[in-house]
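Chains as they are written, first to last, in the working numbering: chain R, 1 to 209; chain G, 210 to 418. Below you'll find the structure, written out as structure tokens, and then a few comments.
Protein chains: 2
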Amino acid sequence: MKQRQETTIPDIVVSRLPIYLRELTFMAQEGIAVTSSQELARRLRSGSAQIRKDLSYFGGFGKQGTGYQVEFLCQKLREILHLTRVWEIALVGAGDLGRALIHYGEFIEHGFRISLVFDNNPQKIGQRLGELTIMSTEVMKDEVRRQGIKIGILAVPASAAQKVAEELVEAGVGAILNYAPVTLSLPAGVRVQYVDPVIHLQRMTFYLK
Amino acid sequence: MKQRQETTIPDIVVSRLPIYLRELTFMAQEGIAVTSSQELARRLRSGSAQIRKDLSYFGGFGKQGTGYQVEFLCQKLREILHLTRVWEIALVGAGDLGRALIHYGEFIEHGFRISLVFDNNPQKIGQRLGELTIMSTEVMKDEVRRQGIKIGILAVPASAAQKVAEELVEAGVGAILNYAPVTLSLPAGVRVQYVDPVIHLQRMTFYLK
DNA sequence: TAGATTGTTAATCGATTAACAATC
DNA sequence: TAGATTGTTAATCGATTAACAATC
């Protein structure tokens, strides 16, 4: 049960934790109170040794002979991933995608709240989107900084993405979910996750005949 | 310039090729005719040795002392990734996300065409979505098989995803882009790419304070 | 106690990187 | 030729997996 953040956690380990948390949450909903690395591995189509090793970076959460208390492990994973608070998000781009994201219910269910929306189109500025009012990208930096927002979602065209990303970082954002189809060049330490449906599809067509 | 598919290509190598292709396409648009592994690496924030090694799995596309012809390399990458044809796609789920995907212009620009849309909501069946008519999931298997469609996009709730995915696979689909927040259990050989904004965000909050 | 499963070590496997001969 | 950059090998690095003592 020792905490050991002394070691640097491999990024690839961190990237698996949300998957574990999601599956464990399903299991809790199914009424499963206790599980094993083997059962979890079977559901996730991964290896039980990997799961145990991943978890052991953060401490010993199980009991020999028994396994893991599902609710307890969920709670620990939420703490590790800093999910025991609500994260405010700035969304940039109020097109079709931005609209879909605003209405996406999973965000609020999991402690993420889009609290600012920006667009550079004068036609859109001032309009309502869900419960928010679309603001000008000109005030973006100030507003994001003022509210202390740390997460940005980029739903802008590729051509605008780099500049917007830089401004978000200047405003204090440390994590960007990028839907624009372009690789961003940002200072080390800024986290970026890429979502580009075309890239994802192209990763699969290689295997199709 | 030898072709050597003899070796199995590591999945991680394949997954980088679309990123190379995207950046090279930008470079071509910028009027850059010739580039080097070093220049490409700088733009992608990766290593030049990695780029050369990745490409060498498929043949020698460059010239010592000179580098790579941008257009030529783009063409080769398109061939490797099987992007020299149009891929028809079946979209399942006509909610906000499905709507956004239908209107997403990048698909057709890159040779992907959503040609069937399904939903299980009787209210939606028969309605138009873009240029398509929403069809019942009851006819999904038959229609997908009849048209020989190999790619599916899942934009359904988590609770429906596994069943829909299995039906798509039975209908001959070999690649699934899954927007539902759940891990799918499918036969080996079926490719799946996951897009779950919540998971992506949770991979970054670990690093935020 | 007998059975089960963890947490951890060591072995294996695979990916990245450095280095350089080949060559344009 | 001199300079540059590829394609490839070998070294390094890191991640996965197997195995098992510890222990519930």
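Glycine residues also receive a C-beta, built at the ideal position from the N, C-alpha and C atoms.
Any Cβ of chain G closer than 9 Å to the Cβ of Ala100 of chain R would place that residue at the interface, and such an atom is present. Assigned with DSSP and collapsed to three states, Arg22 of chain R falls in helix. Contact note: Phe118 of chain R does not reach chain G at a C-beta cutoff of 7 Å; the least C-beta distance is about 18 Å.
Nearest CB-CB separation between Ala175 of chain R and chain G: below the 9 Å threshold. Residues of the same chain with a CB within less than 8 Å of the CB of Ala242 of chain G, apart from the 5 flanking positions on each side, are Gln278, Val279, Glu280 in chain order.
Under the 10 Å beta carbon count, Ala397 of chain G is surrounded by fewer than 16 other beta carbons and is classified as exposed. Here Glu248 of chain G has no same chain residue with a Cβ atom under 7 Å from its own Cβ, once five neighbours each way along the sequence are excluded. Comparing alpha carbon positions, the residue from G:Leu286, G:His319, G:Gly357, G:Leu310 closest to Leu338 of chain G is G:Leu310.
R:Leu55 is the residue among R:Leu55, R:Ile19, R:Thr35, R:Gly47 whose C-alpha sits nearest the C-alpha of Ile9 of chain R. Judged by beta-carbon spacing, Ile221 of chain G lies beyond the 9 Å limit of Thr183 of chain R, meaning their Cβ atoms are not closer than that value. The beta carbon of Val195 of chain R falls within 9 Å of a beta carbon belonging to chain G, placing the residue at that interface. Using a CB distance cut-off of 9 Å, Gln202 of chain R counts as an interface residue toward chain G. Put simply, of R:Ile153, R:Tyr207, R:Lys163, R:Ala171 the residue whose alpha carbon is nearest the alpha carbon of Gly95 of chain R is R:Ile153. Annotation: Thr346 of chain G to Ala367 of chain G spans about 16 Å, alpha carbon to alpha carbon. With respect to the 9 Å criterion, Val190 of chain R and Val173 of chain R are classified as neighbours on the basis of their beta carbons.
For Arg287 of chain G, the enclosing alpha helix (DSSP H) has its first and last residue at 279-289. Within the same chain, Cβ atoms closer than 6 Å to the Cβ of Asp328 of chain G are found at Ala303, Ile343, the five residues on either side in sequence being excluded. For Leu208 of chain R, the residues of chain G that pass the 9 Å Cβ criterion are His291, Trp296, Lys359, Ile360, Gly383, Ala384, Arg400, in the order they occur in the chain.
For the C-beta of Pro227 of chain G, the chain R residues within less than 7 Å are, from N- to C-terminus, Ile199, Gln202, Arg203. Ile51 of chain R is not bridged by DSSP to any residue. Of the candidates R:Lys124, R:Leu208, R:Val198, R:Val14, R:Val198 places its Cα closest to the Cα of Phe316 of chain G.
Taking a C-beta distance under 9 Å as the contact criterion, Ile323 of chain G and Ile298 of chain G qualify as a contact pair. The Cβ atoms of Ser37 of chain R and Ala49 of chain R lie closer than 9 Å to each other. What Pro390 of chain G touches in chain R, judged by beta-carbon distance under 7 Å, is Arg22, Glu106, going in chain order. With respect to chain G, the C-beta atom of Arg128 of chain R has no partner C-beta closer than 9 Å. Per DSSP, Leu325 of chain G is one residue of the beta strand (DSSP E) stretching across 321-328. Leu233 of chain G places its beta carbon 9 Å or farther from that of Leu292 of chain G. Non-local C-beta neighbours of Glu143 of chain R in its own chain, meaning closer than 7 Å and more than five positions away in sequence, comprise Leu116, Met135, ordered along the chain.
Taking a contact as a CB-CB distance under 8 Å, the pair Val301 of chain G and Val365 of chain G counts as one, their CB atoms being some 6 Å apart.
By the criterion of a C-beta distance shorter than 7 Å, Glu379 of chain G is surrounded in its chain by Lys350, once the five residues flanking it on both sides are discounted. Taking C-beta atoms under 8 Å as the contact rule, Val14 of chain R and Arg412 of chain G qualify, at a distance of about 6 Å. For Gly98 of chain R, there is no enclosing beta strand (DSSP E); the residue is part of the alpha helix (DSSP H) that begins and ends at 96-102.
Boundaries of the alpha helix (DSSP H) harbouring Leu201 of chain R: 197-205, taken from the DSSP string.
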